[in-house]
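Numbering (the working numbering), first residue to last: 1286 to 1380.
Just so you know, even glycine gets a beta-carbon here, dropped at the ideal spot from N, CA and C.
This report refers to the structure that appears directly beneath it.
Take a look at the structure:
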């Protein structure tokens, strides 16, 4: 949890590379950490890496199909790819 929280703080400071590293470390420690998957996917979306983000969200939903944030972000990814404005949580990065 510490790595995930640090990642969120770094992302809010626009330190994307460092934040992704923290999320990846969190997932190495706990490969089933769906919140780390979501946070990583959120940042990847902001960086335009939607294919990687989509994979993380699908994996997170397989582990926890009831996590609404994953499902919501996943529905925005294809729309974002074709130029539809990002949802407010992507514009701010953290909901």
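Let me check understanding here. Comparing Cα to Cα, which of the options lies closest to residue i?
| i | options | result |
| --- | --- | --- |
| residue 1294 | 1318, 1328, 1335 | 1328 |
| residue 1316 | 1303, 1331, 1347 | 1347 |
| residue 1308 | 1290, 1299, 1298, 1297 | 1290 |
| residue 1339 | 1297, 1314, 1358 | 1358 |
| residue 1381 | 1321, 1313, 1335 | Past the edges of the chain, shown from 1286 to 1380, lies residue 1381, and the structure says nothing about it. |
I need the DSSP call for residue i, collapsed to helix, strand or coil.
| i | result |
| --- | --- |
| residue 1290 | helix |
| residue 1317 | coil |
| residue 1322 | helix |
| residue 1400 | The structure shown does not extend to residue 1400, since the chain is modelled only from 1286 through 1380, so no value can be given for it. |
| residue 1351 | coil |
| residue 1340 | helix |
| residue 1303 | helix |
| residue 1298 | coil |
| residue 1236 | Missing from the structure shown is residue 1236; the chain here goes from 1286 to 1380 and no further. |
Near residue i, which residues of its chain fall below 6 Å by C-beta distance, leaving aside the five closest residues on each side in sequence?
| i | result |
| --- | --- |
| residue 1303 | 1295 |
| residue 1337 | 1329 |
| residue 1343 | none |
| residue 1354 | 1323 |
Grab me the residues of residue i's own chain with a C-beta within less than 8 Å of its C-beta, minus the 5 sequence neighbours each way, in chain order.
| i | result |
| --- | --- |
| residue 1352 | 1319, 1323, 1345, 1346 |
| residue 1332 | 1301 |
| residue 1305 | 1292, 1325, 1328, 1329 |
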